[in-house]
Amino acid sequence: MVEARPGGSGLDMVHFNDILSPKALATGLTANGKKQLFQKIAALAADAYGLDAEHVAEALFEREKLGSTGFGGGVAIPHAKIAELQKMCGVVVLLDPPVPFEAVDDSPVDIAFALLSPVDSGAEHLKTLARVSRYLRDENQVTRLRGAGSAEALHALLAGGEARDAA
């Protein structure tokens, strides 16, 4: 799942296509708030990765109680550690309309990249969160994601963005 980048800094880097199943992506998702958003993310995770949807939604909601994972610009990275997971996995959804999220800039969220990690993932969890955050702070990447009209287009953008990011 994790491999070193050729010509890079020598740090192992997670590739999005290693953690994102095409079944864990959705566009045009509607939710009436954070709780329903987490339930829908959890349902996608259950379908794509065989996880317990109720447990995933609860873990995301519990983490969110510690502070909003909405970091501004309409983007959130909800995340949680899940006991039954053996490897990191993600769920990416585009929301229409955006959902109030108590983000740092008070903007509603229309892109959520949920990261689910094994309980013992420690540094790998933090490195991947940082990687996702860097990717989603790039306005060009975010604009491309917002333009994705389907889960397939979203997957192509996320998987295809890796080569450009390595340069």
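For the sequence shown, this note's numbering gives the first residue as 1, with consecutive numbering after it. Even for Gly, the Cβ is constructed at its ideal location relative to N, Cα and C.
Annotated as distal: Gly28 and Leu136, with beta-carbon spacing of 8 Å or more. In this structure Ser68 is in contact with Ala103, their Cβ atoms being roughly 6 Å apart against a cut-off of 8 Å. Taken atom to atom, the span from the alpha-carbon of Val56 to that of Ala42 is near 5 Å. Nearest in C-alpha terms to Ser107, of all of Gly72, Lys23, Asn32 and Glu152, is Gly72.
Ala46 and Asp52 have their C-alpha atoms spaced approximately 6 Å apart.
Of the candidates Cys89, Val142, Pro97 and Ala80, Pro97 places its Cα closest to the Cα of Gly33. Here DSSP, grouped into helix, strand and coil, assigns Gly73 to coil. Per DSSP, Ile41 has no beta bridge partner at all. Here the C-alpha atom of Val109 lies approximately 18 Å from the C-alpha atom of Leu129.
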